[in-house]
């Protein structure tokens, strides 16, 4: 899946192996400065993977 920077990101859906096949799954990316605190995940949300990407200056 491409993130908003057009970088290819791979992740596994294995954590959902036991979920109803008709379940709605929403996949999203959050971005911000490295020192930014993101809000808590929504109820029922699952964090699949975190990426730390540096910009041209890092």
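Numbering (our numbering), first residue to last: 529 to 586.
Where a beta carbon is used, it is the ideal one built from N, C-alpha and C, also for glycine.
* Same chain, Cβ closer than 6 Å to residue 539, five either side skipped, listed in chain order -> 576, 577
* To do: To the nearest angstrom, report how far apart residue 563 and residue 555 are at their CA atoms.
  => 23 Å
* With distances taken between CB atoms, is the gap from residue 560 to residue 566 smaller than 9 Å? -> yes
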